[in-house]
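Trainee: Have a look at the structure that comes next, please.
Number of protein chains: 2
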Amino acid sequence: MSQIERVAIVGGNHGNELTGVHLVKKFQQYPNLINRSSFETLALLGNLKAIEEGKRYIEKDLNRCFTNEGLQNPQLSSYEDTRAKAIQQILQPQNQPFVDIVVDLHSTTSNMGLSLIFCDTYPLLLRLGAYLSSINPLVKICINQQSKENGFLRSLCELGFVIEVGAVAQNILNAELFQETEQLIYAVLDYFEGYNQGKFPQISGQLTIYKYIGTIDYPRSDRGEIQAMIHPQLQFRDYEPLNPGDPMFLTFEGKDIFYEGTSTVYPIFINEAAYYEKGIAMHLSQKHQEVV
Amino acid sequence: MSQIERVAIVGGNHGNELTGVHLVKKFQQYPNLINRSSFETLALLGNLKAIEEGKRYIEKDLNRCFTNEGLQNPQLSSYEDTRAKAIQQILQPQNQPFVDIVVDLHSTTSNMGLSLIFCDTYPLLLRLGAYLSSINPLVKICINQQSKENGFLRSLCELGFVIEVGAVAQNILNAELFQETEQLIYAVLDYFEGYNQGKFPQISGQLTIYKYIGTIDYPRSDRGEIQAMIHPQLQFRDYEPLNPGDPMFLTFEGKDIFYEGTSTVYPIFINEAAYYEKGIAMHLSQKHQEVV
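Line order of the protein sequences matches chains A and B.
The first sequence runs contiguously to residue 309 in the numbering used here.
The second sequence runs contiguously to residue 309 in the numbering used here.
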């Protein structure tokens, strides 16, 4: 890409993740905070009805509605399907300039710190990741290549990505995480400004990335009821190594359940509230060093 | 009271507070865990529909439906009003034996640790509190005398009380808190067993209690939108002293707002997710020493 011309910042893709909701409201009130001289920035709220009701979604998860099929299917008429089409129309209008980057703001009950989740290992984004990590070592970079088939909002652009912060409960604001996320967004915008002006900081060397390899569900009964909890030794340990034989779950009766894989993995999204209904106790990732 | 004959343990009064829900399910599956020789113990789920849907409530907060007026008003027909009458019928049936103690299990996004909330300073409960504090110094005792007018479930008996644990997000389980709550319940039941048998541990001396004195709301706009967050210096500091002039809120613009009271108070329920809609940023309490 020669120049970045338009960037969108989306908050409240999930209505009960308040950090993004209130950051976007702040940016709408004070657009100077996100204006940069070399590109346009748009701040947009995602699931308006769900934000109003303090829920993740009304009828279905908006952040699973951005599949090509779904967006092109006029039969799909749930609130979220309709809203997904409206958001696509704003961000990617036909025969009009569209956004080059979508920054989708999320929060999680998992201890994800300040994470960026990219759809793939695009050089521009890896260099952004290396830059952000250099100014804040707590920043983590994940790659999840299943963005398009899952219908994530970020998949509207090749360079779309998520900022995922936690641990924070649904429907509350944590002032410290709010401010850290805000600073991270300004650093992202400054980086794009530098990129456009040919003077972005050249970070070279190795970047640690965590590549999504799959999910693990809670142990469940025949009726689908969970039978165990995240093990206390794994709780809040996102991004730390999980080795074969390490405790993973604790049953309600107090029995340990161990990780039975054959190699070390790095769990993330451990104990995310919204994933219980999706059959996900955690994501598993592999740790790589990427040369940037 | 000469003898305690029946104790009820209620979980899921709020459907998204999973610790209580899964503890009660465990007790229903293994009743021996809560059986004691000198009294009956009943384990009961509160808001059945809300538990199924993973919400605090369906139409209105069940834990505000136990006013005398509400329970006697046949016009009130919301799911929760109906359920409140059914629960009253189970716990306090007319012309039949009724429960002497209700233990109502809750969890909170506030850092309440292991708190017991009593409706008043009844000697039996204060001695229970002193006993529990002696075996686990993390146990805290609160008094909220507004239980009846607020329609709390615990107000069904004079000796009803809440066990409130946190910080834990809504709709997740924290294994460590689950196990600590479970052990606390067994200690409560053992204490009642000892009481009935005339051999309960005699704890004497002083007990620290936190008496509810009021609530404080978030700063809000004319339209009711919150304009500030709990200050980072106050977040997770439940039960710690808040002095006049201490920072209390942080606006979205980054401005500190200070506590303007005239004396030191002890905030609890700081940043509880479900209280945003109730206009409550925290409860304020006063710290007392009570002789037991």
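Cβ atoms here follow ideal geometry from the backbone N, Cα and C, with glycine treated the same way.
By Cβ distance below 6 Å, which residues in the same chain neighbour B:Arg53 in space, the five residues on each side in sequence not counted?
Mentor: Here residue 53 of chain B refers to the residue found at position 36 when the second sequence is read from its first residue. Cβ neighbours of B:Arg53 beyond the five flanking positions: Leu206, Glu210.
Trainee: Interface residues of chain B around A:Glu193 at Cβ under 8 Å?
Mentor: For the purposes of this step, residue 193 of chain A is taken as the residue at position 176 of the first sequence. The contacting residues are Pro249, Gln252.
Trainee: Beta-carbon separation of B:Asn64 and B:Gln187 under 7 Å?
Mentor: Numbered from its first residue, the second sequence carries residue 64 of chain B at position 47. Numbered from its first residue, the second sequence carries residue 187 of chain B at position 170. No, these two residues do not count as a Cβ contact at 7 Å.
Trainee: My output table needs one value for B:Phe135: the three-state DSSP class, helix, strand or coil.
Mentor: Working through the second sequence from its first residue, we reach residue 135 of chain B at position 118. Here B:Phe135 sits in strand by DSSP.
Trainee: Go to A:Ala204, then tell me how far its alpha helix (DSSP H) extends in each direction, as first and last residue.
Mentor: If you number the first sequence from 1, residue 204 of chain A lands on position 187. Here the alpha helix (DSSP H) through A:Ala204 covers 192–213.
Trainee: Give the residues of chain B in contact with A:Tyr74, contact being defined as C-beta atoms less than 9 Å apart.
Mentor: Within the first sequence, numbered from 1, the residue matching residue 74 of chain A stands at position 57. Going along chain B, no residue has its Cβ under 9 Å from A:Tyr74, so there is no contact; the nearest lies around 12 Å.
Trainee: Measure the CB-CB distance between B:Val185 and B:Ser94 and report whether it falls below 7 Å.
Mentor: Within the second sequence, residue 185 of chain B is the residue found at index 168, counting from 1. Within the second sequence, residue 94 of chain B is the residue found at index 77, counting from 1. No, they are not a contact pair.
Trainee: Between A:Gln111, A:Ile152, A:Leu173, A:Thr84, which lies nearest to A:Ile166 when the distance is taken from Cα to Cα?
Mentor: As a working note, residue 166 of chain A is residue 149 in the first sequence. Going by the sequence as given, residue 166 of chain A is Glu instead of Ile. Selected option, being the one with the closest Cα: A:Thr84.
Trainee: Does the CB of A:Ala147 have a neighbour CB from chain B at under 7 Å?
Mentor: Here the question's residue 147 of chain A lines up with position 130 in the first sequence. So, not an interface residue.
Trainee: Find out if the Cβ-Cβ distance for the pair A:Ile230, A:Gln303 is shorter than 7 Å.
Mentor: To locate residue 230 of chain A, count along the first sequence from 1; it is residue 213. To locate residue 303 of chain A, count along the first sequence from 1; it is residue 286. Yes, they are a contact pair.
Trainee: Whole angstroms is fine: what's the gap from A:Cys136's alpha carbon to A:Arg81's?
Mentor: In the first sequence, the residue the question calls residue 136 of chain A occupies position 119. In the first sequence, the residue the question calls residue 81 of chain A occupies position 64. If I take the Cα positions, the gap works out to 14 Å.
Trainee: Quick check: does the Cβ of A:Tyr229 come within less than 6 Å of any heavy atom belonging to the ligand NAD?
Mentor: In the structure on display, the ligand NAD does not appear, and there are no ligands present to speak of.
Trainee: What number of angstroms, rounded off, separates the C-alpha of A:Gln45 from the C-alpha of A:Gly241?
Mentor: Taking the first residue of the first sequence as 1, we reach residue 45 of chain A at position 28. Taking the first residue of the first sequence as 1, we reach residue 241 of chain A at position 224. Taking the straight line from one Cα to the other gives about 43 Å.
Trainee: Starting from A:Tyr96, trace the alpha helix (DSSP H) in both directions and tell me its first and last residue.
Mentor: In the first sequence, the residue the question calls residue 96 of chain A occupies position 79. Note, A:Tyr96: alpha helix (DSSP H), 96–108.
Trainee: Apply the 10 Å Cβ neighbour rule to B:Gln306 and answer buried if 16 or more other Cβ atoms are within range, or exposed otherwise.
Mentor: For the purposes of this step, residue 306 of chain B is taken as residue 289 along the second sequence, with counting starting at 1. Exposed, because fewer than 16 other Cβ atoms sit within 10 Å of the Cβ of B:Gln306.
Trainee: Which chain B residues are close to A:Met246, counting only those with a beta carbon under 7 Å from its beta carbon?
Mentor: Counting from one through the first sequence, the residue named residue 246 of chain A turns up at place 229. Simply Leu190, Ala192, Phe195.
Trainee: Suppose you measure from the CA of A:Lys199 to the CA of A:Leu35; what does that come to, to the nearest Å?
Mentor: Your numbering for residue 199 of chain A matches position 182 in the first sequence. Your numbering for residue 35 of chain A matches position 18 in the first sequence. The residue asked about is misnamed: residue 199 of chain A is Glu in this sequence, not Lys. Their Cα atoms are separated by approximately 13 Å.
Trainee: Taking Cβ positions only, does A:Phe269 come closer than 7 Å to chain B?
Mentor: Start at 1 with the first residue of the first sequence, and residue 269 of chain A comes out as number 252. By this cut-off, A:Phe269 is an interface position.
Trainee: Rounded to whole angstroms, what's the CA-CA distance from A:Asn213 to A:Gln20? Just pull it up for me.
Mentor: Locating residue 213 of chain A in the first sequence gives position 196, counting from the first residue. Locating residue 20 of chain A in the first sequence gives position 3, counting from the first residue. Near 5 Å, if we compare the C-alpha coordinates of A:Gln20 and A:Asn213.
Trainee: Is it a yes or a no for the region 88–104 of chain B touching the region 285–298 of chain A, going by three-plus beta-carbon pairs under 8 Å?
Mentor: No, the region 88–104 of chain B is not in contact with the region 285–298 of chain A.
Trainee: What are the start and end residues of the beta strand (DSSP E) that includes A:Leu122?
Mentor: Residue mapping note: residue 122 of chain A aligns to position 105 of the first sequence, counting from 1. First-last of the beta strand (DSSP E) with A:Leu122: 118–124.
Trainee: Closer than 8 Å is the cut-off here; do at least three beta carbon pairs connect the region 219–226 of chain A with the region 150–162 of chain A?
Mentor: Yes, since at least three Cβ pairs between the region 219–226 of chain A and the region 150–162 of chain A fall closer than 8 Å, the two stretches touch.
Trainee: Please classify A:Gly8 as buried or exposed, where buried requires at least 16 neighbouring CB atoms within 10 angstroms.
Mentor: Residue 8 of chain A cannot be examined here, being either before or after the span of chain A that is shown, 18 to 309.
Trainee: Write down every uninterrupted run of the beta strand (DSSP E) in the region 31–103 of chain B whose length is 3 residues or greater and which is fully enclosed by it, in chain order.
Mentor: Within the region 31–103 of chain B, the complete beta strand (DSSP E) runs of at least 3 residues are 57–62.
Trainee: Return helix, strand or coil for B:Leu264, following the three-state DSSP convention.
Mentor: Residue mapping note: residue 264 of chain B aligns to position 247 of the second sequence, counting from 1. According to the sequence as given, residue 264 of chain B is Pro; it is not Leu. The answer is strand: DSSP assigns B:Pro264 an E or B state.
Trainee: Note down, in chain order, every chain A residue with its Cβ under 8 Å from the Cβ of B:Gln187.
Mentor: Counting from one through the second sequence, the residue named residue 187 of chain B turns up at place 170. Correct list: Ala186, Gln187, Asn188, Ala290.
Trainee: Starting from the beta carbon of B:Tyr293, find every residue of chain A whose beta carbon is closer than 7 Å, and list them in chain order.
Mentor: Against the second sequence, residue 293 of chain B aligns to sequence position 276. Asn188, listed in chain order.
Trainee: Is there a Cβ of chain A sitting closer than 7 Å to that of B:Lys43, yes or no?
Mentor: Indexing the second sequence from 1 puts residue 43 of chain B at position 26. Closer than 7 Å to some Cβ of chain A, the Cβ of B:Lys43 qualifies, so yes.
Trainee: Find out if the Cβ-Cβ distance for the pair B:Tyr276, B:Met265 is shorter than 7 Å.
Mentor: For the purposes of this step, residue 276 of chain B is identified with residue 259 of the second sequence, where counting begins at 1. For the purposes of this step, residue 265 of chain B is identified with residue 248 of the second sequence, where counting begins at 1. The answer is yes: Cβ separation under 7 Å.
Trainee: As a quick exercise: from A:Asp78, A:Val41, A:Ile26, pick the residue whose alpha carbon is nearest that of A:Lys295.
Mentor: In the first sequence, counting from the first residue as 1, residue 295 of chain A sits at position 278. A:Lys295 has its Cα closest to that of A:Asp78, out of A:Asp78, A:Val41, A:Ile26.
Trainee: Give me whichever residues DSSP pairs with A:Pro284 in a beta bridge.
Mentor: For the purposes of this step, residue 284 of chain A is taken as residue 267 along the first sequence, with counting starting at 1. DSSP output for A:Pro284 lists A:Leu301 as bridge partner(s).
Trainee: Tell me which residue opens and which closes the beta strand (DSSP E) that B:Gly231 is part of.
Mentor: Here residue 231 of chain B refers to the residue found at position 214 of the second sequence. 223–233 is the extent of the beta strand (DSSP E) around B:Gly231.
Trainee: Buried or exposed, going by whether 16 or more other CB atoms sit within 10 Å of the CB of A:Gln113?
Mentor: Locating residue 113 of chain A in the first sequence gives position 96, where the first residue counts as 1. Classification of A:Gln113: exposed, given that the 10 Å Cβ count is below 16.
Trainee: How long is the line joining the alpha carbons of B:Asp239 and A:Leu170, rounded to whole angstroms?
Mentor: Numbered from its first residue, the second sequence carries residue 239 of chain B at position 222. Numbered from its first residue, the first sequence carries residue 170 of chain A at position 153. One C-alpha to the other measures close to 33 Å.
Trainee: For A:Arg23, list the residues DSSP reports as bridge partners.
Mentor: On the first sequence, residue 23 of chain A is found 6 positions in, with the first residue counted as 1. A:Arg23 is bridged to A:Glu57.
Trainee: Closer than 7 Å by beta-carbon distance: list the chain B residues that pair up with A:His39, in chain order.
Mentor: Taking the first residue of the first sequence as 1, we reach residue 39 of chain A at position 22. Within chain B, the residues near A:His39 are Phe269.
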